[in-house]
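Quick note, the sequences are listed as chains A and B, same order.
Residue numbering for the first sequence follows this note's numbering, starting at 4 and increasing by one per position.
Residue numbering for the second sequence follows this note's numbering, starting at 265 and increasing by one per position.
Here the structure is laid out as structure tokens; the discussion comes afterwards.
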Amino acid sequence: MSDFYDLDTLALHAGHVPDKKGGSRAVPIHQTTSYMFEDSRHAAALYNMEEGGHLYTRISNPTVAVLEQRVAAMEGGVACTACASGMAALHLVTTMLASAGDHIVSTAQLYGANINLLQNTMPRFGVETTFVHGRDLEALEAAVQDNTKFIFCELIGNPGLDVLDIDRVVEIANKAGIPVVMDATFCTPYLFKPFDHGVSVITHSLTKWMGGHGVAIGGAVVDGGNFNWGQNDKFPTLTSPHYALDGINFWEEYGPAALTMRVRAEGMYNFGPSLSPTNAFHILQGIETLPMRMERHISNARAMVEFLKNHEMVSWVKHPELEDHPDHETVKRILPKGAGSMIGFGVKGGRVAGSAFIESVELASHLANVGDAKTLVIHPASTTHSHISAEDMKAGGLSEDMIRLSVGLESIEDLKADFNQALKVAARVVR
Amino acid sequence: MKFQLDGHEVYASTGAREHIKGQPYLIFMHGAGSSHLVWSQQSRSFAYGGYNVLAVDFPAHNLSSGDALQSVEAQADWIIKVMDHLKIKAATLVGHSQGGLVCLSIADKASKRVEKIAFVATAAAIPVNDMLISTAESKENRAKSSMTSWGLGPDAHHFENSVPGFSQVGNGLRAMDLNLEGALPTDLKACAGFEDGMAIAAKIECPTMCVLAGKDKMTPIKFGKKLADTLQQNTLHVLLNSGHTIPVEAPLELNQFLRDFLSA
Chain A
4 MSDFYDLDTL ALHAGHVPDK KGGSRAVPIH QTTSYMFEDS RHAAALYNME EGGHLYTRIS
64 NPTVAVLEQR VAAMEGGVAC TACASGMAAL HLVTTMLASA GDHIVSTAQL YGANINLLQN
124 TMPRFGVETT FVHGRDLEAL EAAVQDNTKF IFCELIGNPG LDVLDIDRVV EIANKAGIPV
184 VMDATFCTPY LFKPFDHGVS VITHSLTKWM GGHGVAIGGA VVDGGNFNWG QNDKFPTLTS
244 PHYALDGINF WEEYGPAALT MRVRAEGMYN FGPSLSPTNA FHILQGIETL PMRMERHISN
304 ARAMVEFLKN HEMVSWVKHP ELEDHPDHET VKRILPKGAG SMIGFGVKGG RVAGSAFIES
364 VELASHLANV GDAKTLVIHP ASTTHSHISA EDMKAGGLSE DMIRLSVGLE SIEDLKADFN
424 QALKVAARVV R
Chain B
265 MKFQLDGHEV YASTGAREHI KGQPYLIFMH GAGSSHLVWS QQSRSFAYGG YNVLAVDFPA
325 HNLSSGDALQ SVEAQADWII KVMDHLKIKA ATLVGHSQGG LVCLSIADKA SKRVEKIAFV
385 ATAAAIPVND MLISTAESKE NRAKSSMTSW GLGPDAHHFE NSVPGFSQVG NGLRAMDLNL
445 EGALPTDLKA CAGFEDGMAI AAKIECPTMC VLAGKDKMTP IKFGKKLADT LQQNTLHVLL
505 NSGHTIPVEA PLELNQFLRD FLSA
């Protein structure tokens, strides 16, 4: 027996012990804005961050806290802060670590909104980002400057499905005395544990596989607690006196959880990207079955890869487990349980055929999401990545004819039949 | 607060508040392999509550440099030096686990400088399994994992927490990583070598309080009760559902016990 519960158990239990008073086995939804103070001392104690508790739901909430503690447990972190979306999570990390005049290095193989935030929004506030291809590690190392605050990456790039050699990226970051921040949405703790590889901060879109049912938007910042913020003078937001709370030094007072405490004290307090308690509840229901769902996602994805590879109307298929994928060796080393349930493929006949295919599927849903229990398809060039330039699209490994497929949990035979009939429609359009 | 002592940097959390002349002193001492971080929910609370707080990192622990001290008596001498350096005539001592043994030793060496003592999840002697010491020497990470697991009660293993979003498991493991290599086995051997606790406890005349945990696997409650029975002016509290790491597992309850004890 290991010292701590396994992932399957944590997915069901972590963060919640039924309270003695109500006895509710399910996590209760605390749909409230605020919380009664016991007395004046208790009120002051919460405002001063003297002790734990809830003050106002913009900052924390008991239902949301269960979700946070569950995600922290599953990822093996020291703490987690849930927020309104995955984008809110990246914004929180960026603004807590970087200030005007600072710099970020990022891999270019990212979700379009992540690129937009770093490339277009943050420069208006004086934070610049250098984007580098995730496979060009020499360029990545060379891009790090004295004012670089972190390296940002996705393990499995969205939607190009490039897989990063994260161990080498962590080596580069360690040498520079900066942390690696990873958007781990596509892998989830079922497939990959970033902190075990030296990543220091995880951002999640909980909307995707973690929630898994397409009913609630949510995000999370998970703090690995494995980065020594005091090793140099690069992180004054954590290692010098805070503007409030009697000039608290988060690193000295909270050590491994310094970033989380800053996120809570400034990020949630001043920006307010809070997650609603009801959304936290919905996401928790999804997380309970994450390990079982991921098994099925992976087995269905593998079957769909085989099906598409052998279909006469499919011009190419991209999945990290395929031997011709450029990162195949990395995948074998770091993703032994599977490389996710996303597939990229091209329909013969280009954009017109692709459009006909997407409009003809009956089981698969055409929409802007991934990681749902239901199978989803989209054409990134005209939707999720429409704000990205053609040059950046190419750099991100995307092509105009690409269909992004998020494989769901349906009967694999029904899925194949649906795709087969839709591909036949595409064939007729091309002829 | 950082200062130099014997050529090494010493860190002691003041709860991020300046000490105020005339306020009583409260010195928190951590256990084996731990640091001031275990007191993060006490240091600020009592710093705002009218006390000059010092939650120290013993040498080689977290932000204090130097070599780990090899005996409980040496740790007691070091605390007395810290008090001398900061011109603290007397203080209330709060010790968790091994820190409780240090409280006993200070009471033995400098009883007039001790106003009250709060013993938290501790005993008059804490025998340490030889296997744990040898594991700490040869596979320190394995020992840290075992100690974190044994040191936390059932709610902490379920990641139930009074601080929203926190993992006591994760914080316990990572906080130990901040200590210098070798600090843990040195602490464990110091703990195992302290044998005079019961005789010292019988002589203590100042008010004391023992807060013990019903689910304590590191220092089983029966040993803590022996200490409580031996102390002359003691108040005993038992937190039935807490594990060994009371300051983080039951901080609100512990803080209330401490407030009542300090104001009595």
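Ideal Cβ positions, reconstructed from N, Cα and C, are used throughout, including at glycine.
- Of the other Cβ atoms in all chains shown, fewer than 16 fall within 10 Å of the Cβ of Met395 (chain B); this residue is therefore exposed.
- Counting the other CB atoms within 10 Å of its CB gives Tyr246 (chain A) a total below 16, which places it among the exposed residues.
- Less than 8 Å separates the beta-carbon of Val135 (chain A) from that of Ala146 (chain A).
- DSSP places Ala355 (chain B) within a strand segment (E or B) once states are collapsed to three.
- In the structure shown, Gly227 (chain A) adopts coil according to DSSP, grouped into three states.
- Residues of the stretch 415-438 of chain B with a C-beta atom less than 7 Å from some C-beta of chain A are Asp419, His421, His422, Phe423, Glu424, Asn425, Ser426, Val427, Pro428, Gly429, Phe430, Ser431, Val433, Gly434, Asn435 and Arg438, listed in chain order.
- With fewer than 16 other CB atoms across the displayed protein chains lying within 10 angstroms of its CB, Phe267 (chain B) is exposed.
- Rounded to whole angstroms, the gap between the alpha carbons of Phe230 (chain A) and Asn161 (chain A) is 26 Å.
- Annotation: His200 (chain A) has no Cβ neighbours in chain B at a cutoff of 8 Å; minimum Cβ distance is about 16 Å.
- Spatial neighbours of Phe128 (chain A) in its own chain (CB-CB distance under 7 Å, excluding positions within 5 residues in sequence) are listed in chain order as Ala103.
- Excluding its 5 nearest sequence neighbours in each direction, Pro391 (chain B) has C-beta neighbours in its own chain below 7 Å: Ala456, listed in chain order.
- Thr263 (chain A) reaches chain B at Gly429 and Phe430, counting residues in chain order whose Cβ is nearer than 8 Å.
- Not flagged as an interface residue toward chain B: Val183 (chain A), since no C-beta distance is shorter than 8 Å.
- The criterion of a C-beta distance shorter than 8 Å is satisfied by Leu437 (chain B) and Thr412 (chain B).
- By the CB criterion at 8 Å, Ile344 (chain B) and Leu357 (chain B) fall outside the cutoff.
- Restricting attention to A:Gly341, A:Phe284, A:Glu394 and A:Met316, the CA atom closest to the CA of Thr210 (chain A) is found in A:Phe284.
- In the DSSP assignment, Asp186 (chain A) falls within the unbroken beta strand (DSSP E) covering Val183 to Asp186.
- The stretch 324-343 of chain B makes contact with the stretch 296-313 of chain B; the number of CB pairs closer than 8 Å reaches 3 or more.
- Cβ atoms of Gly221 (chain A) and Gly215 (chain A) stay farther apart than 8 Å, at about 12 Å.
- The beta carbon of Cys83 (chain A) sits closer than 8 Å to some beta carbon of chain B.
- Not flagged as an interface residue toward chain A: Tyr315 (chain B), since no C-beta distance is shorter than 8 Å.
- Neighbours of Ser344 (chain A) in chain B, taken as residues whose beta carbon is under 8 Å from its own, are absent, since the nearest beta carbon is some 27 Å off.
- Using beta-carbon distances, His19 (chain A) counts as an interface residue toward chain B, with a partner under 8 Å.
- Residues of chain B with a Cβ closer than 8 Å to the Cβ of Tyr257 (chain A) are, in chain order, Leu301 and Ser304.
- Spatial neighbours of Ile62 (chain A) in its own chain (CB-CB distance under 8 Å, excluding positions within 5 residues in sequence) are listed in chain order as Arg267, Met271, Tyr272 and Ser277.
- Closest in alpha carbon position to Gly478 (chain B), among B:His501, B:Leu495 and B:Ala492, is B:His501.
- Taking 8 Å as the threshold, the shortest C-beta distance from Pro449 (chain B) to chain A does not fall below it.
- At a Cβ-Cβ threshold of 8 Å, Lys373 (chain B) and Ala354 (chain B) do not count as neighbours.
- If you draw a straight line from the Cα of Glu326 (chain A) to the Cα of Arg28 (chain A), it is about 46 Å long.
- Remark: C-beta atoms of Phe189 (chain A) and Ile159 (chain A) approach each other more closely than 8 Å.
- The beta-carbon of Asn443 (chain B) is placed no less than 8 Å from the nearest beta-carbon of chain A.
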